[in-house]
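A.B. asks:
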Amino acid sequence: MMSFSSLVLLFVGSALINNFILSRFLGICAFLGVSKRLETALGMGAAVTFVMTISGAVSWAIQRYILVPFHLPFLQYVVFILVIATLVQFLEMVIRRYSPSLYEAFGIYLPLITTNCAILGVALLVAGSDYGLLETLVFSVGSAVGWTLAIVLMAGLREELEFADVPLSLQGPALSLLIAAIMSLTFMGFSGLVPAS
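Under my numbering, the sequence shown has 1532 at position 51, and the numbering climbs by one with no breaks.
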């Protein structure tokens, strides 16, 4: 079991230093597609946080107690995608029932959480690590918080840029990719926070 300070470092490392969008470049499709409005980005961040946290823990348990003991690690991808798809279906039903406006704002991106490579990446990294359940939860939540932080920052910047006089050649996807690149560079500055092991 890790100490409290090690858990904090794991959280900071997964949220800021090894951010899934800005460092590992996973989950970029939804990052660019849903970051036009802050409310939508917050909702997507909450949805990804829920799915990433639960799927990380469930994938850890399946890997540890089913796939490895029965010598079935070759089924990892299929099983983990089924876990993620089940969680996304549950989440989609809840959002459609309790927040139809948020459901409409997500559009196609809510079902696409199923194929969000950041969520599958967390499941695979957890399965390949020697983390216990607590470390898995901290890593999963930290990764989800980092993903949410990145998409919320991007949405805030894109909303502010609606009122800016942007040159025609930079409008649209070009400016979004440029902002993402600068954000990635700024997140690299966090690498000095956690000492190298």
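In this text, a Cβ means the ideal position worked out from N, Cα and C, and glycines have one as well.
Which class does S1678 belong to by DSSP, given the choice of helix, strand or coil?
C.D. replies: Because S1678 sits at a pLDDT of 45, beneath the cut-off of 50, its placement in the model cannot be relied upon, and the point is left open.
A.B. asks: Kindly indicate which three-state DSSP category M1574 falls into: helix, strand or coil?
C.D. replies: helix
A.B. asks: With S1495 and M1635 assumed to form a contact (beta carbons below 8 Å), what rounded beta-carbon distance in angstroms separates them?
C.D. replies: The pair is not a contact, with the Cβ atoms about 19 Å apart (cut-off 8 Å).
A.B. asks: In chain order, what residues of the same chain have a beta carbon less than 8 Å from the beta carbon of I1498, not counting five sequence neighbours either side?
C.D. replies: S1504, F1668, F1671, S1672, L1674, V1675
A.B. asks: According to DSSP, is R1505 helix, strand or coil?
C.D. replies: coil
A.B. asks: Out of curiosity, what's the CA-to-CA distance linking D1611 and L1491?
C.D. replies: 13 Å
A.B. asks: In terms of residue numbering, what span does the alpha helix (DSSP H) encompassing E1520 cover?
C.D. replies: 1519 to 1543
A.B. asks: Where do the N-terminal and C-terminal ends of the alpha helix (DSSP H) with I1632 fall, by residue?
C.D. replies: 1614 to 1642
A.B. asks: Counting Cβ pairs closer than 8 Å, one from the region 1591 to 1603 and one from the region 1638 to 1649, do we hit at least three?
C.D. replies: no
A.B. asks: Mapping the DSSP letters down to three states, classify S1681 as helix, strand or coil.
C.D. replies: Nothing can be reported for residue 1681, as the shown portion of the chain is limited to 1482 through 1678.
A.B. asks: Going by DSSP in three states, A1511 sits in which element: helix, strand or coil?
C.D. replies: If DSSP states are grouped into helix, strand and coil, A1511 belongs with the helices.
A.B. asks: Beta-carbon separation of L1605 and S1540 under 9 Å?
C.D. replies: yes
A.B. asks: Closest to L1666 by C-alpha separation, out of L1583, T1521, V1564, A1631, would be which residue?
C.D. replies: A1631
A.B. asks: Under 9 Å, do S1624 and F1501 count as touching if we go by C-beta distance?
C.D. replies: yes
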